[in-house]
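Visitor: First the structure, then my questions, so here it is.
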Amino acid sequence: MPELPEVETIRQRLIKGFEQSPSILNQRVRSCQLLWSGSLATPNPQTFLSFMPGQEILAVNRRAKFLYFSLSDAYLVVHLRMSGDLYLEKQTETAPYRNPDHDRFWMDFDSGWRLVFNDMRKFGRVWLLNDTSKLFSKLGPEPFDEKLTAEVFYGMLRERSRQLKPLLLDQHFIAGIGNIYSDEALHKAGLHPTRVSSSLNGDEAKKLLDSIRFVLSKGIDQKGASIDWVYRGGDFQNYFQVYQQEGNPCPRCGHPIEKIKVAQRGTHFCPVCQRRSS
DNA sequence: CTGGCTCCCTGAATGC
DNA sequence: TGCATTCAGGGAGCCA
């Protein structure tokens, strides 16, 4: 499930080229195909398909878990949600590691390369917009934003009284964190997932922010995590301390990792290293 | 403001 | 073996 590090990895690969694939920058769209119209959030398919040909990819950026492509005359925004992925491959070939039955959308470039949006569970969405500000307006800060200091983060935690786990998952609070990295960050910080945000002191807030940045950086360094049948290449899964480690010893103290439900989400933690009050 | 729940989806895992 | 049920998960939206 792509979170910030996975989305960032995809972005870097599209920009720099990956394996045999070239950079997507300056590629010109020749034609598009929408294989499942539900993937298109806006506009309607006819408008979308007639607009795209001739557009060039000028930039690829990321906001939270959204990827957005600056085109000649608009923005193409993609959210991968659970199972989405993007592949740049030759129009005549299908990469062996994906199932073409789950292709939802692609665009063919003049160069003979094709950008494929593949999404088994159909939760992912594509938007064609003149302006991204409305779509992004309610998102919380980027975790690596320099303006997000420990003091600011402490204030954000204090003005809410929510459990830490659902708060970290809330994209309006802070952007880009999903289930894997929230569990890893809370373990690194030694904080219980149900601890109430307003109960943290300044040191704990700083430790949590540092831990969020540490695990996200590590994830980016490892080119993301490859779990389930989704995504490929990254190996952050080999560095999980708690995520999907139920019953395995905590790397820090050796106590078995427990799995509970918090706000309907599977949550992994060490009951010794992450006590409810500390 | 907060939590709880549903919906959207598919396929792997589990149960009988 | 084969069928049915359960579960996972990001995010929007609804209700209490």
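Numbering (this note's numbering), first residue to last: 1 to 278.
Cβ coordinates follow ideal geometry from the N, Cα and C atoms, glycine included.
All values reported here derive from a predicted model rather than from experimental measurement.
Work out the CA separation of residue 130 and residue 230 for me, nearest whole Å.
Guide: Translated into positions along the first sequence, residue 230 becomes position 230. Translated into positions along the first sequence, residue 130 becomes position 130. The predicted model places residue 230 with a pLDDT of 48, which falls under 50 and marks its position as unreliable; any figure quoted below should be read in that light. One C-alpha to the other measures close to 31 angstroms.
Visitor: Which first and last residues belong to the alpha helix (DSSP H) in which residue 203 is found?
Guide: Indexing the first sequence from 1 puts residue 203 at position 203. Unbroken alpha helix (DSSP H) run through residue 203: 202 to 221.
Visitor: Can you grab the Cα-Cα spacing for the pair residue 275 / residue 192, in whole Å?
Guide: On the first sequence, residue 275 is found 275 positions in, with the first residue counted as 1. On the first sequence, residue 192 is found 192 positions in, with the first residue counted as 1. Distance between the alpha carbons of residue 275 and residue 192: 5 angstroms.
Visitor: Am I right that residue 167 and residue 178 are in contact with their C-beta atoms under 8 angstroms? What's the rounded C-beta distance?
Guide: Position 167 of the first sequence, counted from the first residue, corresponds to residue 167. Position 178 of the first sequence, counted from the first residue, corresponds to residue 178. Between residue 178 and residue 167 the Cβ distance is about 13 angstroms, and since that is not below 8 angstroms, they are no contact.
Visitor: Check whether the Cβ atoms of residue 205 and residue 157 sit closer than 8 angstroms, and answer yes or no.
Guide: Counting from 1 along the first sequence, the entry for residue 205 is found at position 205. Counting from 1 along the first sequence, the entry for residue 157 is found at position 157. Yes. Within cutoff.
Visitor: Would DSSP call residue 108 helix, strand or coil?
Guide: Along the first sequence, one-based indexing puts residue 108 at 108. Strand, per DSSP.
Visitor: Can you list, in chain order, the residues of its chain with a C-beta nearer than 8 angstroms to that of residue 90? Leave out the 5 residues immediately preceding and following it.
Guide: As a working mapping, residue 90 is identified with position 90 in the first sequence. Within the same chain, residue 90 has close Cβ partners 112, 113 and 114.
Visitor: Could you tell me if residue 119 is buried or exposed, where buried requires 16 or more neighbouring beta carbons within 10 angstroms of its beta carbon?
Guide: Taking the first residue of the first sequence as position 1, residue 119 is located at position 119. The residue is buried, with at least 16 neighbouring Cβ atoms inside 10 Å.
Visitor: Going by beta-carbon coordinates alone, are residue 127 and residue 32 separated by less than 8 angstroms?
Guide: As a first step, residue 127 must be located in the first sequence, where it is residue number 127. As a first step, residue 32 must be located in the first sequence, where it is residue number 32. Going by C-beta atoms, residue 127 is not nearer than 8 angstroms to residue 32.
Visitor: Going by C-alpha to C-alpha distance, which of 140, 226, 269 and 132 sits closest to residue 245?
Guide: Your numbering for residue 245 matches position 245 in the first sequence. Cα-wise, what sits closest to residue 245 is 269.
Visitor: Quick check on residue 253: buried or exposed, where buried means 16 or more other Cβ atoms within 10 Å of its Cβ?
Guide: One-based indexing of the first sequence puts residue 253 at position 253. So residue 253 ends up on the exposed side.
Visitor: So, for residue 207: in the same chain, excluding its five sequence neighbours on each side, which residues have a beta-carbon less than 6 angstroms away from its beta-carbon?
Guide: The residue labelled residue 207 in the question sits at position 207 within the first sequence. Result list for residue 207: 189, in chain order.
Visitor: For residue 16 and residue 88, what's the separation of their Cα atoms in angstroms?
Guide: Position 16 of the first sequence, counted from the start, is the residue given in the question as residue 16. Position 88 of the first sequence, counted from the start, is the residue given in the question as residue 88. Cα to Cα, residue 16 sits roughly 12 angstroms from residue 88.
Visitor: Can you give the beta carbon distance from residue 81 to residue 123, rounded, assuming they're within the 8 angstroms contact cut?
Guide: Along the first sequence, read from residue 1 onward, the residue named residue 81 stands at position 81. Along the first sequence, read from residue 1 onward, the residue named residue 123 stands at position 123. Indeed, because the Cβ distance is near 4 angstroms, the residues count as touching under 8 angstroms.
Visitor: Please report how far the alpha carbon of residue 262 lies from the alpha carbon of residue 197, in whole angstroms.
Guide: Locating residue 262 in the first sequence gives position 262, counting from the first residue. Locating residue 197 in the first sequence gives position 197, counting from the first residue. In a straight line, the C-alpha of residue 262 is about 14 angstroms away from that of residue 197.
Visitor: Assuming residue 57 and residue 26 are in contact, meaning their beta carbons sit under 8 angstroms apart, how far apart are those beta carbons, in whole angstroms?
Guide: Taking the first residue of the first sequence as 1, we reach residue 57 at position 57. Taking the first residue of the first sequence as 1, we reach residue 26 at position 26. Yes, residue 57 and residue 26 are in contact; Cβ-Cβ is about 7 angstroms, under 8 angstroms.
Visitor: Note down the Cα distance separating residue 217 from residue 151, rounded to an integer number of angstroms.
Guide: Translated into positions along the first sequence, residue 217 becomes position 217. Translated into positions along the first sequence, residue 151 becomes position 151. So the two alpha carbons sit approximately 21 angstroms from each other.
Visitor: Please look up how many angstroms separate the CB atoms of residue 78 and residue 67, rounded, as I've assumed it's under 8 angstroms.
Guide: In the first sequence, counting from the first residue as 1, residue 78 sits at position 78. In the first sequence, counting from the first residue as 1, residue 67 sits at position 67. Sure, about 5 angstroms apart at Cβ, within 8 angstroms.
Visitor: Can you tell which of 52, 11 and 235 has the C-alpha that lies nearest to the C-alpha of residue 29?
Guide: Here residue 29 is taken as the residue at index 29 of the first sequence, counted from 1. Out of 52, 11 and 235, 52 has the C-alpha closest to the C-alpha of residue 29.
Visitor: What three-state label does DSSP hand residue 192 in the structure shown?
Guide: For this step, residue 192 is matched to residue 192 along the first sequence. Here residue 192 sits in coil by DSSP.
Visitor: Hey, quick one: how far does the beta strand (DSSP E) through residue 93 stretch, first residue to last?
Guide: Position 93 of the first sequence, counted from the start, is the residue given in the question as residue 93. First-last for residue 93: undefined, no H or E at that position.
Visitor: May I ask you to report which of helix, strand or coil DSSP gives residue 172?
Guide: Along the first sequence, read from residue 1 onward, the residue named residue 172 stands at position 172. Here residue 172 sits in coil by DSSP.
Visitor: Could you tell me which of 13, 62 and 20 sits nearest to residue 4, measuring between CA atoms?
Guide: As a first step, residue 4 is located in the first sequence; it is residue number 4 there, counting from the start. Here the closest residue by C-alpha is 62.
Visitor: Tell me, to the nearest whole angstrom, how far the beta carbon of residue 41 is from that of residue 125; I am working on the premise that it is less than 8 angstroms.
Guide: Here the question's residue 41 lines up with position 41 in the first sequence. Here the question's residue 125 lines up with position 125 in the first sequence. The pair is a contact, with the Cβ atoms about 4 angstroms apart (cut-off 8 angstroms).
Visitor: Quick check on this structure: which residue in 241, 143 and 10 has the alpha carbon closest to the alpha carbon of residue 281?
Guide: Since the first residue of the chain shown is 1 and the last is 278, residue 281 is not available in this structure.
Visitor: Please classify residue 101: is it buried, with 16 or more other beta-carbons within 10 angstroms of its beta-carbon, or exposed?
Guide: For the purposes of this step, residue 101 is taken as residue 101 along the first sequence, with counting starting at 1. Under this definition residue 101 is an exposed residue.
Visitor: Determine whether the beta carbon atoms of residue 175 and residue 140 lie at a separation below 8 angstroms.
Guide: Within the first sequence, numbered from 1, the residue matching residue 175 stands at position 175. Within the first sequence, numbered from 1, the residue matching residue 140 stands at position 140. For residue 175 and residue 140, yes; Cβs fall inside 8 angstroms.
Visitor: Just curious, the beta strand (DSSP E) that residue 33 is in, first and last residue?
Guide: Mapped onto the first sequence, residue 33 falls at position 33. That run of the beta strand (DSSP E) goes 29 to 34.
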